[in-house]
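Taking the UniProt record's numbering, the leading residue of the sequence shown gets 1, the next gets one more, and so forth.
Notes to accompany the following structure.
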Amino acid sequence: MDIAEGMALPQRIVSPPEKICMDWQQRQRPGAGLFNLGNTCYINVILQCLTYTPPLANYLLSYEHSQSCQQQGFCMMCTMEAHIRKVLCSSASAILPRAVLRDLKFIGEEFEYGRQENAYEFLRCTLSAMHRACLSGSSNSAVSSQQTTIIHQIFGGFMKYTVTCLSCQAVVDSYKAFLDVSLDIRAASSLSTALEDCVTPKQLHQKECFRCSKCKKKAAASKKVTVHHAPRVLTLCLERADQWTGTKISKFVEYPEYLDLRPYMSDTAGEPLLYSLYAIVVHSGDTCLEGHFLCYTKASNGLWYKMDDESVDNCDIHTVLGQQAYLLFYVRCSDLKMREMTASSPAPPYAHPMLGQGGGSHQQAGSAAPQALPGRSKDALLPV
Numbered sequence: 001m002d003i004a005e006g007m008a009l010p011q012r013i014v015s016p017p018e019k020i021c022m023d024w025q026q027r028q029r030p031g032a033g034l035f036n037l038g039n040t041c042y043i044n045v046i047l048q049c050l051t052y053t054p055p056l057a058n059y060l061l062s063y064e065h066s067q068s069c070q071q072q073g074f075c076m077m078c079t080m081e082a083h084i085r086k087v088l089c090s091s092a093s094a095i096l097p098r099a100v101l102r103d104l105k106f107i108g109e110e111f112e113y114g115r116q117e118n119a120y121e122f123l124r125c126t127l128s129a130m131h132r133a134c135l136s137g138s139s140n141s142a143v144s145s146q147q148t149t150i151i152h153q154i155f156g157g158f159m160k161y162t163v164t165c166l167s168c169q170a171v172v173d174s175y176k177a178f179l180d181v182s183l184d185i186r187a188a189s190s191l192s193t194a195l196e197d198c199v200t201p202k203q204l205h206q207k208e209c210f211r212c213s214k215c216k217k218k219a220a221a222s223k224k225v226t227v228h229h230a231p232r233v234l235t236l237c238l239e240r241a242d243q244w245t246g247t248k249i250s251k252f253v254e255y256p257e258y259l260d261l262r263p264y265m266s267d268t269a270g271e272p273l274l275y276s277l278y279a280i281v282v283h284s285g286d287t288c289l290e291g292h293f294l295c296y297t298k299a300s301n302g303l304w305y306k307m308d309d310e311s312v313d314n315c316d317i318h319t320v321l322g323q324q325a326y327l328l329f330y331v332r333c334s335d336l337k338m339r340e341m342t343a344s345s346p347a348p349p350y351a352h353p354m355l356g357q358g359g360g361s362h363q364q365a366g367s368a369a370p371q372a373l374p375g376r377s378k379d380a381l382l383p384v
């Protein structure tokens, strides 16, 4: 972890980063689908995306947490461990995520069984519940130490906020931990343009003007946000509900199979910081108040699958990259993976995102590519 002025050095490391393995330890077919018991598709897509998150699955499948867990009653880490093991080891085509549904109120008080909720909110609450489980028995830990749980070690990063006084040019830096990044896509045609807009300095509105500690004036200021410490797993939300009208933004936003995060870092110099797409969540429906969630995930065998509740069907990378994505999951490329990509491709794989480099466009024999998404209204999507 990069430690800069203004960032506290953790007093205790809850989970050492050495415990994290970025590459799949086992390669196997995709696991089971998940039954929809009525308005539970928002749960299913997040469970599937987390199941196919390599460092998280590797950690949970190692029994590292459950063998030492002393938490009484509900533990989201133990629940996810049991769920992932059940999905990947089941011989059935689909299973029921019974434990998650049973303990829904412990994941988030706002979730009610049988009522449709937002997949993004369920993701955030699930990661928060897993984070809390990692801190069981150490509630007095400093905030800096709390940010070293296995969940923060995998999904967490730090944003740097640079505020510049436009009167005397004094600069104030601050840092904030994050587990996901939400992006405004109203003016964006691609993920890269949305990220560029995110890190572009913006002048604070008059009501946000701050009192400068150097010139002692309540002056106009600009604010710039950059990624200071990059996460191992980068989770992005493309905001599809217009914050002013609440209507759904139903447009295609281009996103690559390989993403270089370096241009959006506090330090833009150095080697590319490459991430590989491994899962996306899609919402199908005309409005933010109706529709259905499904996801596409990359299994440990390197092949892509469309996961629509109990259905698990193979697909190719071109199908994945052609969706109106809502959530994007990227995993940082390991040194081994980067060497493999460099050896197999004469050009950087992130330079041509729609060509599907890296062998991701496999089509399994005997299976057809998935058809266009049908219009379904069995579930409802709450405003983002």
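Ideal placement from N, C-alpha and C gives every residue a C-beta, glycine not left out.
Note that the coordinates shown come from a computational prediction; the quantities given were computed from them, not determined experimentally.
- C-alpha of L238 to C-alpha of Y52: approximately 20 Å in a straight line.
- Considering only F74, G302 and L47, the residue with the shortest C-alpha distance to A133 is F74.
- In the displayed model, I154 falls within a helix according to three-state DSSP.
- Around the Cβ of W304, a 10 Å sphere holds 16 or more other Cβ atoms; the residue is buried.
- Under the three-state reduction of DSSP output, A220 falls in the coil class, being neither helix nor strand.
- Annotated three-state conformation of R332 is strand, per DSSP.
- Bounds of the alpha helix (DSSP H) holding F106 are L104 to I107.
- Spatial neighbours of C198 in its own chain (CB-CB distance under 8 Å, excluding positions within 5 residues in sequence) are listed in chain order as V181, L183, D184, V225 and Y264.
- Excluding residues up to 5 positions away in sequence, R240, D286 and Q324 lie with their Cβ nearer than 8 Å to the Cβ of S250 in the same chain.
- Residue C288 holds the alpha-carbon nearest to the alpha-carbon of D242 among P55, E121 and C288.
- With a contact defined as Cβ atoms closer than 8 Å, R85 and N301 miss out at about 18 Å.
- An exposed status is given to Q169, since fewer than 16 other beta-carbon atoms sit within 10 Å of its beta-carbon.
- For L166, the closest C-alpha among the options I150, R186, Q203 and S189 is that of Q203.
- The distance from the Cβ of V281 to that of C295 is about 5 Å, consistent with a contact at the 8 Å cut-off.
- Burial state of C215 is exposed, judged by a 10 Å Cβ sphere holding fewer than 16 other Cβ atoms.
- With a cut-off of 8 Å on Cβ pairs, the segment 29-39 is in contact with the segment 95-106, counting three or more such pairs.
- By the CB criterion at 8 Å, A119 and L327 fall inside the cutoff.
- Within the same chain, and ignoring the five residues on either side of M76 in sequence, the residues whose Cβ sits closer than 6 Å to its Cβ are A129, M130 and A133.
- By the CB criterion at 8 Å, V233 and I154 fall inside the cutoff.
- Take the alpha-carbon of P17 and the one of S266: they are about 22 Å apart.
- Counting the other Cβ atoms within 10 Å of the Cβ of F252 gives fewer than 16, which makes it exposed.
- Distance between A82 and S66, taken at the CA atoms: about 9 Å.
- Between R115 and N39 the beta-carbon gap is near 6 Å, inside 8 Å, which marks them as a contact.
- S222 is a Cβ neighbour of T164, given a cutoff of 8 Å.
- In this structure, DSSP gives A230 a state outside helix and strand, which the three-state scheme calls coil.
- Inter-residue distance for S91 and A279 is about 23 Å (C-alpha atoms, whole angstroms).
- From the listed residues G270, Q146, G108 and V87, the smallest Cα separation to A299 is found for V87.
- Around V172, the same chain offers V163 as residues with beta carbons nearer than 7 Å, after the five sequence neighbours per side are excluded.
- Here I151 is not near K19, since their CB atoms are 8 Å or more apart.
- In terms of Cβ geometry, M159 and H205 do not form a close pair [threshold 8 Å].
- Taking A57 as the centre and dropping the five residues before and after it, the same chain places the C-beta of I84 closer than 6 Å to its C-beta, in chain order.
- When secondary structure is reduced to three states using DSSP, L166 falls in the coil class, being assigned neither helix nor strand.
- Note that the C-beta distance between S276 and Y258 is below 8 Å.
- The C-beta distance from Q147 to G156 rounds to 6 Å, short enough to meet the 8 Å contact threshold.
- In terms of Cβ geometry, P54 and V320 do not form a close pair [threshold 8 Å].
- The alpha helix (DSSP H) runs of length 4 or more contained entirely in the segment 3-76 are, from start to end of the chain, 41-51 and 54-61.
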